[in-house]
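Okay, so here's the structure we're looking at.
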Amino acid sequence: MANFEGRKVNVKIGKRDYVGWVDSIFNDRKVLLRDVMRDDGERISTVLVNNPNRISKVNTVDIRCIDIDDITPITYDVRQYKQRHDQDAIRQQLKSGHLFYFPLVREHSTGEFEVIDGFYRVERARMLGYSTIPAKVVDFDDLTAARFFVQEHVPLPDERPDPSHNFESQQSFIRILRQLNEDWPFDILWSFRPLAPELEKLIHKNQ
C-alpha cells in the first residue's frame, strides 16, 4: 500500500468505483482518499476506505513535446543553479530525441506548464537554443505536486550541503520551507518526510 501514497488511484468498494488521490495510508487495509470522483459522477472531498476489494494506480502520465517558453519552475524551487559541464551530453540527447530523463511537468488552465522535477534540464535546453523539449505531463493536484517536489529535491539533514541537490547552504533549505509554508500549514508539511527534522528543530527553538 505504501507505494500508492500521493498517487491517483481507482478503488473498488463493493459495486462502486472511486477515483481520487491517496492522502494517507493508515495500514494495509485502510486508506484516505481526497478529491474523489465516484462512478456515478458524484464528487466527494474525502473518503475513508476500509478493506477495498481492489486498488490500482491511474495512469496520469503523458509524454509531449512542449514549447520551452511555456514552462516555468514550481514556485517552491528557490534554489540557485550552478554551472555544470554536461551541456554537450544534453545537446546530444535532445538532438537524438532520446532524453535519459524527461522533465516532469503539470499543465495549468492557462496553457502554461509548471516543472515539478527537472527544471535544470529545461534551462540547459533553453541555453542551448532549443525551443521545445519532451516532457512527462502528469495530472497532479497541488498537494501531490508539492509532496513530490519535496521528496525529489529536499535532502535530509545529513545530506546537506550536497552539490547534487543545488543547495549552497542551510539558508537555501529555509527559503524552500518558507515558500512551502505560504501554501501549506505545518501540520501538512509535517507529513513531508524530509521536512520533519527541520520542523522539530523549529518547534524546540520556539518553546
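Residue numbers (the numbering used here): 1 to 207.
Just so it is clear, CB atoms sit at the ideal spot from N, CA and C, and this is done for glycine as well.
As the structure is a prediction and not an experimental result, all values here were calculated from the model.
Taking C-alpha atoms, which residue in I188, P73, Y130 and R121 lies nearest to E107?
P73
Is the segment 35 to 43 close to the segment 54 to 68, with three or more CB pairs under 8 Å?
no
Which residues bound the beta strand (DSSP E) around E107?
L104 to E107
Could you check the C-alpha separation between F148 and G111 for me, to the nearest Å?
Rounded to the nearest whole angstrom, the C-alpha separation of F148 and G111 is 21 Å.
Reduced DSSP secondary structure (H/G/I, E/B, other) of F186:
helix
Spatial distance of V105 from G20 (CA atoms)
Spanning the two alpha carbons is a distance of roughly 20 Å.
Runs of beta strand (DSSP E) wholly within the segment 105 to 143 (minimum 3 residues, chain order)
113 to 117 and 132 to 138
Leaving out the 5 sequence neighbours to the left and right, which residues in its chain are closer than 8 Å to G14 when beta-carbon positions are compared?
N53
Does the ligand PLP have a heavy atom nearer than 6 Å to the CB of V11?
No copy of the ligand PLP occurs in the structure displayed, which carries no ligand at all.
I63 to R34 span [Cα, whole Å]
26 Å
Neighbourhood of A145 by C-beta distance below 8 Å, restricted to the same chain and skipping five residues each side
The beta carbon of A145 lies closer than 8 Å to those of I74, R106, E114 and I116 in the same chain, with the five residues before and after it left out.
Short check: CB of I55 to CB of V9, under 7 Å?
yes
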